[in-house]
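According to full-length UniProt numbering, the stretch in the sequence shown is residues 1 to 398, in order.
Cβ coordinates follow ideal geometry from the N, Cα and C atoms, glycine included.
Nothing here was measured: the structure is a model prediction, and the numbers come from that model.
Heads up: the structure comes next, in structure tokens.
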Amino acid sequence: GKGITSRSHVMERLQTFLPPSVMLPPRRLKSLLGQAVEMQTEKCPCHDMLWETNIENVSLLSDHSCSMSGTFPMQTIQILTDHCDEVWFCKFSPDGLKLATGCKDSTAIIWDVDPHNLTVKSRHVLEDQLNSGVSFVEWSPDSKLLLVGGSEDHPEIYIYNVDEGKLIVKMSNSAEESLSCAAFNKDGTKFVCGGTKGQFYLCNLNGQVIDSWEGVRVNSLAFRSDNKTVLAADTHHRIRGYVFGNPRNDFKLIQEQHSIMSFSLNSADRLALLNITSQGLHLWDLENKCLVRRFRGITQGSFKIYSCFGGVHESFVASGSEDHKVYIFHIKRDEPLAKLTGHTKTVNCVSWNPVYPAMLASCSDDTTVRIWGPKSTRNYESDDCSSSCSSSSSWNMT
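This is how it looks when you write it as structure tokens:
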């Protein structure tokens, strides 16, 4: 045939028979530029969470480098002083519109999140029948229920209606039990709970035990996305999987050399983030059953510290630390991306808002909860609305 189209077709057919040294492959320059952009993205220490990098949206005039301002939780924008003792736990709801905090003073507080200002306001103070310090809270997947539990010696689990702040279920089988961790299944119809004294129960929303495993001493629990497998960190430094139902099954996924104090899963159900006694923060691949990374810098002795994944694509992890700082890492790098300072005692727990990734919460033995936001947000420290403002807070790039 004649014309450009016909000749192009012939050249494409010839391409399959000729080596690159004889005939340049089609769109070779675009391919090389794409590889260069991909390599720059890999080297970017704080790759932007909010957009994908490709050849169409980057400049060829300079190397790619993400700006942290405006999108990343870099500074304290609010300090919450409503609790009267050590604050042990904090967690954002799945819809991102609420925050729950638990304290040694036997109270839990539900906060409403303002997505525009990235601040929170107290909604309910939960103290009905709470007989001990609140060591953990767990949200139902629809953000309508809040499960509250106590310390290792506490035998009770409480479930509250979030909208009304009313206690709807109090679960207790025996005063000798320990129920110090729990997790909802993915459709919110059941939950598991357990503790270090050997209790491990599957329950319905009325608090009735549906099934149980005997003699399993657990520190932390999580449901997998299949809605039937529960992961449990036990006192033998392991994470094992337990399949409730018929047939029952259990299997080992992870073995550490030191105690696993807490762990969390990413939304893809592929990665697990572990806080290890005396070792700090470890990242595991659950599919390949291998240790991916040991994050450096965190100070963790025997205190129970909680960490989390964060960012639009969960490319970051954050953790508390006994040196009073919040540590933030990129999941592909073992050195900290940043250290958030401001707390004056051990930071027990951090929670990254799953819907508004520019918002991070942390709680500490210093009795405060801090809300972290981008630099473009109002700086709480510059206001003189609270005596707490004398505490410094900053973002230290490392």
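For this session: Please classify V125: is it buried, with 16 or more other beta-carbons within 10 angstroms of its beta-carbon, or exposed?
Result: Answer is exposed; the Cβ neighbour count stays below 16.
Exercise. What number of angstroms, rounded off, separates the C-alpha of I331 from the C-alpha of L337?
Worked result: When rounded, the distance between both Cα atoms is 10 Å.
Exercise. Buried or exposed: where does M74 fall if 16 or more other Cβ atoms within 10 Å of its Cβ makes it buried?
Worked result: Burial state of M74 is buried, judged by a 10 Å Cβ sphere holding 16 or more other Cβ atoms.
Exercise. Counting Cβ pairs, one atom from each stretch, are 3 or more of them under 8 Å apart for the region 305-322 and the region 285-292?
Worked result: Segments in contact, no.
Exercise. Relative to the alpha-carbon of K196, which residue among T189, E138, I260 has its alpha-carbon at the smallest distance?
Worked result: According to the sequence shown, residue 196 is Thr rather than Lys. Minimum Cα-Cα distance from T196 among the listed residues T189, E138, I260 corresponds to I260.
Exercise. Which value, in whole angstroms, describes the spacing of the CA atoms of F17 and V37?
Worked result: The straight-line gap from Cα to Cα measures roughly 30 Å.
Problem set entry | Inter-residue Cα distance where the pair is A100 and I110 | Cα to Cα, A100 sits roughly 5 Å from I110.
For this session: Would you decide whether T229 is buried or exposed? Buried here means 16 or more other CB atoms lie within 10 Å of its CB.
Result: Counting other Cβ atoms within 10 Å of its Cβ, T229 reaches 16 or more and is therefore classed as buried.
Problem set entry | Pair within 8 Å by beta-carbon distance, L85 and T367 | According to the sequence shown, residue 85 is Asp rather than Leu. Yes, they are a contact pair.
For this session: Could you tell me which of T76, E138, V120, F329 sits nearest to G102, measuring between CA atoms?
Result: Ranked by Cα distance from G102, the first of T76, E138, V120, F329 is E138.
Exercise. Using DSSP with H/G/I as helix, E/B as strand and the rest coil, what is N9?
Worked result: It is worth fixing the name first, because residue 9 is His in this sequence and not Asn. Looking at H9 - three-state DSSP - the assignment turns out to be helix.
For this session: Using a threshold of 8 Å, state whether the C-beta atoms of E156 and M171 are closer than that.
Result: In this structure, M171 lies closer than 8 Å to E156 by Cβ.
Exercise. How about C193 and N219: do their beta carbons lie closer than 8 Å?
Worked result: No. Outside cutoff.
Exercise. What is the residue span of the beta strand (DSSP E) that G149 lies within?
Worked result: Under the DSSP assignment, G149 falls in the beta strand (DSSP E) whose first and last residues are 145-149.
For this session: Taking N204 as part of the beta strand (DSSP E), name the residues at either end of that continuous run.
Result: Element bounds for N204: 200-204.
For this session: Taking Q300 as the reference, give the member of E287, P19, V312, Y327 with the closest Cα.
Result: Ranked by Cα distance from Q300, the first of E287, P19, V312, Y327 is Y327.
Exercise. Excluding sequence positions up to five away, which residues of its chain have a Cβ less than 8 Å from the Cβ of G150?
Worked result: Closer than 8 Å at Cβ, skipping near neighbours: L130, N131, S132, G133, V134, S135, E156, L179, S180.
For this session: Classify V22 as buried or exposed, calling it buried when 16 or more other Cβ atoms lie within 10 Å of its own Cβ.
Result: Of the other Cβ atoms in all chains shown, fewer than 16 fall within 10 Å of the Cβ of V22; this residue is therefore exposed.
For this session: Using only alpha-carbon positions, find the residue among G280, D226, T235 that is nearest to G198.
Result: If we check each option's Cα against that of G198, T235 comes out closest.
For this session: Starting from the N-terminal side, write out each stretch of the beta strand (DSSP E) that is 3 residues or longer and does not extend beyond the region 175-230.
Result: Unbroken beta strand (DSSP E) runs of no fewer than 3 residues, entirely contained in the region 175-230, are found at 181-184, 190-194, 200-204, 209-212, 218-223, following chain order.
Problem set entry | Separation of G280 from R270, as counted between CA atoms | Between R270 and G280, the C-alpha separation is close to 20 Å.
Problem set entry | Length of the line joining the Cα atoms of S319 and N348 | For S319 and N348, the distance between alpha carbons rounds to 8 Å.
Exercise. L50: buried (16+ other C-beta within 10 angstroms of its C-beta) or exposed?
Worked result: With a pLDDT of only 49 at L50, under the threshold of 50, the placement of this residue in the model should not be trusted; the figure read from the coordinates follows. It is exposed - the Cβ of L50 has fewer than 16 other Cβ atoms within 10 Å.
Problem set entry | Three-state secondary structure (DSSP) of A268 | A268: coil per DSSP, three-state reduction.
Problem set entry | Nearest residue (CA-CA) to S364, options G373, A358, P374, V350 | Relative to the Cα of S364, the nearest Cα in the group G373, A358, P374, V350 belongs to V350.
For this session: Note down, in chain order, each residue of its chain lying with its Cβ closer than 7 Å to the Cβ of Y201, except the 5 sequence neighbours on either side.
Result: So the list reads V192, C193, G194, V209, S212, once near-sequence residues are dropped.
Problem set entry | Residue closest to A183, alpha-carbon to alpha-carbon, out of R217, Y160, L147 | Closest by alpha carbon: L147.
For this session: For E12, count neighbouring Cβ atoms within 10 angstroms of its own Cβ and tell me buried if that reaches 16, exposed if not.
Result: Its Cβ having fewer than 16 others within 10 Å, E12 is exposed.
For this session: List in chain order: all unbroken beta strand (DSSP E) runs of 3+ residues lying wholly within the region 259-312.
Result: Taking only runs of at least 3 residues, the beta strand (DSSP E) segments lying wholly in the region 259-312 are 260-265, 271-276, 280-285, 290-295, 307-310.
For this session: Helix, strand or coil for A232, going by three-state DSSP, please let me know.
Result: Residue state, collapsed to three classes: strand.
For this session: Would you kindly work out how many angstroms separate the C-alpha atoms of W352 and P19, rounded to a whole number?
Result: One C-alpha to the other measures close to 51 Å.
Problem set entry | Other residues of its chain near L205: CB distance less than 6 Å, five sequence neighbours each side excluded | If you ignore the 5 residues before and after L205, its C-beta comes within less than 6 Å of no other C-beta in its own chain.
Exercise. Taking C-beta to C-beta, are D285 and N227 nearer than 8 Å?
Worked result: Result no, Cβ atoms of D285 and N227 do not sit closer than 8 Å.
Problem set entry | Residue burial classification, S6 (beta-carbon count within 10 angstroms, cutoff 16) | Per the 10 Å Cβ criterion, exposed.
Exercise. Near T119, which residues of its chain fall below 7 Å by C-beta distance, leaving aside the five closest residues on each side in sequence?
Worked result: I77, Q78, I371.
Problem set entry | Simplified DSSP state of L24, which is helix, strand or coil | Collapsing the DSSP output to three states places L24 in coil.
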